[in-house]
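Residues 3 to 453 in the numbering used here are what the sequence shown spells out, letter by letter. All remarks here apply to the structure that follows.
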Amino acid sequence: MSCLSFVTDNNWRAYNFTKPDLIWPVSFTLFVFFMNTLINASKRLQLAVLGLCFLLTQCGGGNVGSKVLVDETNHRSITEKVSVSGTIEALDSRVVSAENSGRITSIHVALGQQVDSGDLLLSIDAELYTNNLDLAKTNLNQRRAGLSRARAYQSQAESAWRLSEEQFNVQVNAYEKGLISQTEFDAFQSNHIRIQGEYESSKHAADEARYLVRAAENSINDAKNGLARTSIYAPAGGVITELNVHEGETIVGTAQMQGSSLLTITNFDTLLFRAEVSESDIPRIHLDDSAKIVLDAYPGKTIFAKVWQLPLSPKQGIDLSNQFEVVLMVSPERLSELETSQEIPLRPGMRGNASVFTNRVEDVLSVPLQCVTVRPNDEGVIEDVVFVYINGKAAIQPIVAGIQDEQYIEIVAGLEEGSLVISGPYDAIANTLENNSDVLRVKEEELFQEE
Numbered sequence: 003m004s005c006l007s008f009v010t011d012n013n014w015r016a017y018n019f020t021k022p023d024l025i026w027p028v029s030f031t032l033f034v035f036f037m038n039t040l041i042n043a044s045k046r047l048q049l050a051v052l053g054l055c056f057l058l059t060q061c062g063g064g065n066v067g068s069k070v071l072v073d074e075t076n077h078r079s080i081t082e083k084v085s086v087s088g089t090i091e092a093l094d095s096r097v098v099s100a101e102n103s104g105r106i107t108s109i110h111v112a113l114g115q116q117v118d119s120g121d122l123l124l125s126i127d128a129e130l131y132t133n134n135l136d137l138a139k140t141n142l143n144q145r146r147a148g149l150s151r152a153r154a155y156q157s158q159a160e161s162a163w164r165l166s167e168e169q170f171n172v173q174v175n176a177y178e179k180g181l182i183s184q185t186e187f188d189a190f191q192s193n194h195i196r197i198q199g200e201y202e203s204s205k206h207a208a209d210e211a212r213y214l215v216r217a218a219e220n221s222i223n224d225a226k227n228g229l230a231r232t233s234i235y236a237p238a239g240g241v242i243t244e245l246n247v248h249e250g251e252t253i254v255g256t257a258q259m260q261g262s263s264l265l266t267i268t269n270f271d272t273l274l275f276r277a278e279v280s281e282s283d284i285p286r287i288h289l290d291d292s293a294k295i296v297l298d299a300y301p302g303k304t305i306f307a308k309v310w311q312l313p314l315s316p317k318q319g320i321d322l323s324n325q326f327e328v329v330l331m332v333s334p335e336r337l338s339e340l341e342t343s344q345e346i347p348l349r350p351g352m353r354g355n356a357s358v359f360t361n362r363v364e365d366v367l368s369v370p371l372q373c374v375t376v377r378p379n380d381e382g383v384i385e386d387v388v389f390v391y392i393n394g395k396a397a398i399q400p401i402v403a404g405i406q407d408e409q410y411i412e413i414v415a416g417l418e419e420g421s422l423v424i425s426g427p428y429d430a431i432a433n434t435l436e437n438n439s440d441v442l443r444v445k446e447e448e449l450f451q452e453e
């Protein structure tokens with residue numbers, strides 16, 4: 003700092019002629035002028051001139067240094083947050099499709115209508131499915147008649163087999179005693195084997211008839227279900243938010259392929275805000291962290307929420323490998339604070355921004371965020387530092403930083419309350435300032451003024 007300066011507003015300010023490019027020409031000119039007058043001057047005047055020249059010599063070339071802003075460390079509360087953007091959606095939203103193909107004969111609801119679970123939504127032409135049921139009933143009756151005949155035949159075959167079994171045993175005893183010839187025994191044995199085969203066949207026929215009856219009964223159930231599916235009911239309560247069909251339209255059922263989307267029922271009791279978060283911010287967010295949402299549809303109005311779901315893997319897709327999806331649950335009891343006349347104030351698809359509050363500390367030492375930068379220490383390790391203002395010098399000071407908000411950062415270690423730290427300009431803090439750099443403390447409005 004040049005000694006040819008004065009104090010104004012508690013800040014050091016130097017005359018323009020103290021700049022290095024002016025001080026020596028001015029000093030030399032004054033020195034020559036005063037030396038020319040020394041010969042005829044009095045002794046007292048000679049001493050005064052010599053003293054002034056010495057002063058100019060000592061002041062010459064002093065460096066004013068970079069202009070800087072200085073702030074004082076203070077205690078304050080800091081709330082850390084993560085800013086995200088996302089979209090409103092409903093927790094319970096049902097897309098209703100038809101399982102049957104056919105022509106829509108009637109629609110019983112309208113867009114925006116409130117429905118309850120089990121309410122009739124629409125009907126499909128039932129003629130085909132009624133005919134299918136009639137055919138299934140006829141087939142079942144036929145199969146049951148066939149089963150009755152098979153059972154009767156089995157009963158007759160069983161009786162014949164039992165009688166043949168008794169007679170054959172008698173013939174075996176007679177043959178063993180030599181009472182009948184080999185030819186007679188062979189004839190009895192062949193007849194017994196034939197009767198036994200007919201009995202086995204009757205059992206298989208009865209089993210097949212029973213299977214056909216069960217299949218016909220299943221066909222009856224399928225036909226009944228098909229007829230029942232011509233009436234489509236609400237799977238859950240909510241509001242009809244999409245209605246994609248009209249009466250007379252032919253729709254495709256899900257039994258054949260991906261079915262037609264008929265309508266959507268949305269329950270607005272529980273709403274979510276689905277947001278994308280970068281991988282660097284995910285570790286800071288926890289379940290039940292509080293959040294505030296501002297939607298584009300309601301600028302300046304706050305919607306309160308909390309973290310409801312955290313992802314275990316990133317979103318899939320092009321250029322999304324570092325994006326994770328965090329789900330916030332909107333607090334329904336606070337929606338009245340939106341002060342809107344809309345019956346349904348929040349709707350799926352509304353976009354907005356949210357602040358997730360991840361941490362808060364009370365009454366901690368802090369400095370403005372821009373005060374903190376990084377520099378390598380003596381071992382070459384990059385560490386957080388600030389520049390402390392001491393008598394026109396910038397003294398580098400390593401610190402341990404804590405959480406931060408949009409303006410301030412917590413100082414865990416390295417500074418004391420009341421320390422003066424350099425807070426601007428940012429380019430000087432981040433790039434040009436070094437330890438023991440000469441600096442000039444100024445007010446903010448003077449920072450970029452020309453001397």
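Where is the CB? At the ideal position from N, CA and C, for every residue including glycine.
According to the neighbour-count rule (16 or more other Cβ atoms, all chains shown, within 10 Å of its Cβ), is residue 270 buried or exposed?
-> Classification for residue 270: buried.
Which residues mark the beginning and the end of the alpha helix (DSSP H) in which residue 77 is found?
-> Run containing residue 77: none in the alpha helix (DSSP H); it sits in the beta strand (DSSP E), 76 to 99.
Whole angstroms is fine: what's the gap from residue 328's alpha carbon to residue 393's?
-> The alpha-carbon separation between residue 328 and residue 393 amounts to approximately 50 Å.
Three-state secondary structure (DSSP) at residue 300?
-> Reduced to three states, the DSSP call for residue 300 is coil.
For residue 410 versus residue 358, is the C-beta distance shorter than 8 Å?
-> Result no, Cβ atoms of residue 410 and residue 358 do not sit closer than 8 Å.
Residue 126 and residue 104 closer than 8 Å at C-beta | In contact: residue 126 and residue 104 (Cβ atoms closer than 8 Å).
Please check the pair residue 122 and residue 245, which I expect to be a contact at CB under 8 Å, by giving their CB distance rounded to whole angstroms.
-> Your pair residue 122 and residue 245 does not check out as a contact, with CB atoms roughly 15 Å apart and the cut at 8 Å.
In DSSP terms, what residue 370 is bridged to = Answer is 410, bridged to residue 370.
DSSP three-state call for residue 195: helix, strand or coil?
-> If DSSP states are grouped into helix, strand and coil, residue 195 belongs with the helices.
Could you name the residues of the same chain whose beta carbon sits closer than 6 Å to that of residue 115, not counting the 5 residues immediately before and after it, in chain order?
-> Hits under 6 Å: 242.
In chain order, each beta strand (DSSP E) run of at least 3 residues that lies wholly inside the stretch 238 to 273 = Runs found: 240 to 245.
Which of the three DSSP states, helix, strand or coil, is assigned to residue 112?
-> Residue state, collapsed to three classes: coil.
Minimum C-alpha distance to residue 274 - residue among 71, 436, 342 and 94 = The residue with the shortest Cα to Cα distance from residue 274 is 94.
Residue ranges of each alpha helix (DSSP H) run of no fewer than 4 residues wholly in the stretch 120 to 188, ordered along the chain?
-> Assignment of alpha helix (DSSP H) within the stretch 120 to 188, counting only whole runs of 4 or more residues, yields 129 to 178 in chain order.
Apart from the five residues on each side of it in sequence, which residues of its chain come closer than 8 Å, Cβ to Cβ, to residue 191?
-> The beta carbon of residue 191 sits closer than 8 Å to those of 170 and 173, all from its chain and outside the five residues before and after it, given in chain order.
Which residue from 386, 373, 284 and 99 puts its Cα closest to that of residue 237?
-> Looking at the Cα atoms, 99 is the closest of the given residues.
Does the separation of the CB atoms of residue 309 and residue 106 fall below 8 Å?
-> Result no, Cβ atoms of residue 309 and residue 106 do not sit closer than 8 Å.
Beta strand (DSSP E) segments (min. 3 residues) lying fully within the stretch 320 to 405 = Listed in chain order, the complete beta strand (DSSP E) runs (minimum 3 residues) inside the stretch 320 to 405 are 325 to 332, 353 to 370, 375 to 378, 384 to 392 and 395 to 400.
Pull up the CB-CB distance for residue 367 and residue 419, whole angstroms please, since I reckon it's below 8 Å.
-> Their Cβ separation, rounded to whole angstroms, is 6 Å, which keeps residue 367 and residue 419 in contact under 8 Å.
Keeping to the same chain, check which residues put their C-beta closer than 8 Å to that of residue 163; ignore five residues upstream and five downstream.
-> Excluding residues within five positions, the ones whose Cβ falls inside 8 Å are 197, 198, 200 and 201.
Please name the residue in 361, 436, 324 and 182 whose C-alpha comes closest to that of residue 376.
-> Selection 361, 436, 324 and 182 evaluated against residue 376 yields 436 as nearest (Cα-Cα).
Look at residue 225 and residue 135 and say whether their C-beta atoms are less than 8 Å apart.
-> Annotated as proximal: residue 225 and residue 135, with beta-carbon spacing under 8 Å.
Does the beta-carbon distance from residue 330 to residue 293 come in below 8 Å?
-> Result yes, Cβ atoms of residue 330 and residue 293 sit closer than 8 Å.
Residues that DSSP places opposite residue 292 in a beta bridge = In the DSSP output, where bridge partners are listed per residue, residue 292 has 308.
Distance, residue 353 Cα to residue 102 Cα | Those two C-alpha atoms are separated by around 37 Å.
Exposed or buried, what is residue 124 when buried is set at 16 or more other beta-carbons lying within 10 Å of its beta-carbon?
-> Flag for residue 124 reads buried.
Pick out whichever of 346, 283 and 355 has its Cα sitting closest to the Cα of residue 297.
-> Selected option, being the one with the closest Cα: 355.
Roughly how many whole angstroms lie between the Cα atoms of residue 404 and residue 386?
-> For residue 404 and residue 386, the distance between alpha carbons rounds to 11 Å.
Name the residue from 149, 234 and 109 whose alpha carbon lies nearest to the alpha carbon of residue 212.
-> Here the closest residue by C-alpha is 149.
Helix, strand or coil for residue 443, going by three-state DSSP, please let me know.
-> Strand, per DSSP.
Straight-line Cα distance separating residue 399 from residue 433 | Looking at the two C-alpha atoms, the distance is approximately 15 Å.
Between residue 69 and residue 442, is the Cβ-Cβ spacing less than 8 Å?
-> Going by C-beta atoms, residue 69 is nearer than 8 Å to residue 442.
Do you know offhand how far residue 177's Cα is from residue 167's?
-> Taking the straight line from one Cα to the other gives about 15 Å.
In the structure shown, what three-state DSSP assignment does residue 278 receive?
-> The three-state reading of DSSP puts residue 278 in strand, counting E and B together.
Could you check what DSSP says for residue 233 in three-state terms: helix, strand or coil?
-> If DSSP states are grouped into helix, strand and coil, residue 233 belongs with the strands.
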